[in-house]
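Numbering (the numbering used here), first residue to last: 308 to 486.
Now the structure itself:
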């Protein structure tokens, strides 16, 4: 059986060309969904379809909540707070940590600087809920006088396993300009 090198290359090229559309469809299917709602002034990418909205923002309650599979795997609450621009992020974190200290089994973790569409900081901590070891990873993202808080919580090991997704949500968080 005589098969030339040109024939082998052309067959491989043909099959490669057939696979490109399938690959592109697969990549698109795994693409991020964007959360946006007319009742809030922000949007962000939802990196996995296992994040489901459990509280939709409304005119009277602008807060939004998402759950990853189960509330224990990952829970996200987005809140907006107002601080004067002169209040430092360190002071905001200190004030917030003082409120969290009353959680059962609270143990402060390290604070981290964070950058994405908005810059800010992350407050990490652990606590106990119903006898289970839990973790919190709160992103404080500043836009002028507004500080958006992305409050992620879940069982300690489970929340750690979706950290790349919590970072993606925070990194893609953006504020719509008024106008």
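For glycine and all other residues, C-beta sits at the position ideal for the given N, C-alpha and C. Note that the coordinates shown come from a computational prediction; the quantities given were computed from them, not determined experimentally.
When burial is assigned at 16 or more other CB atoms within 10 Å of the CB, is residue 409 buried or exposed?
Residue 409 comes out exposed.
Run through DSSP, which three-state label would residue 396 get?
The answer is helix: DSSP assigns residue 396 an H, G or I state.
Please report the straight-line C-alpha distance between residue 398 and residue 414, rounded to a whole angstrom.
Rounded to the nearest angstrom, the two C-alpha atoms are 19 Å apart.
On the three-state DSSP scale, how would you describe residue 471?
If DSSP states are grouped into helix, strand and coil, residue 471 belongs with the helices.
Spatial neighbours of residue 360 within its chain, please: CB distance less than 6 Å, with the 5 preceding and 5 following residues excluded, ordered by chain position.
Contacts found: 373.
So which of 475, 470, 424 has the shortest CA-CA distance to residue 442?
Considering only alpha carbons, the answer is 470.
For residue 363, would you say it is in contact with chain D, using Cβ-to-Cβ distances shorter than 8 Å as the test?
The displayed structure is made up of one protein chain only, and chain D is not part of it.
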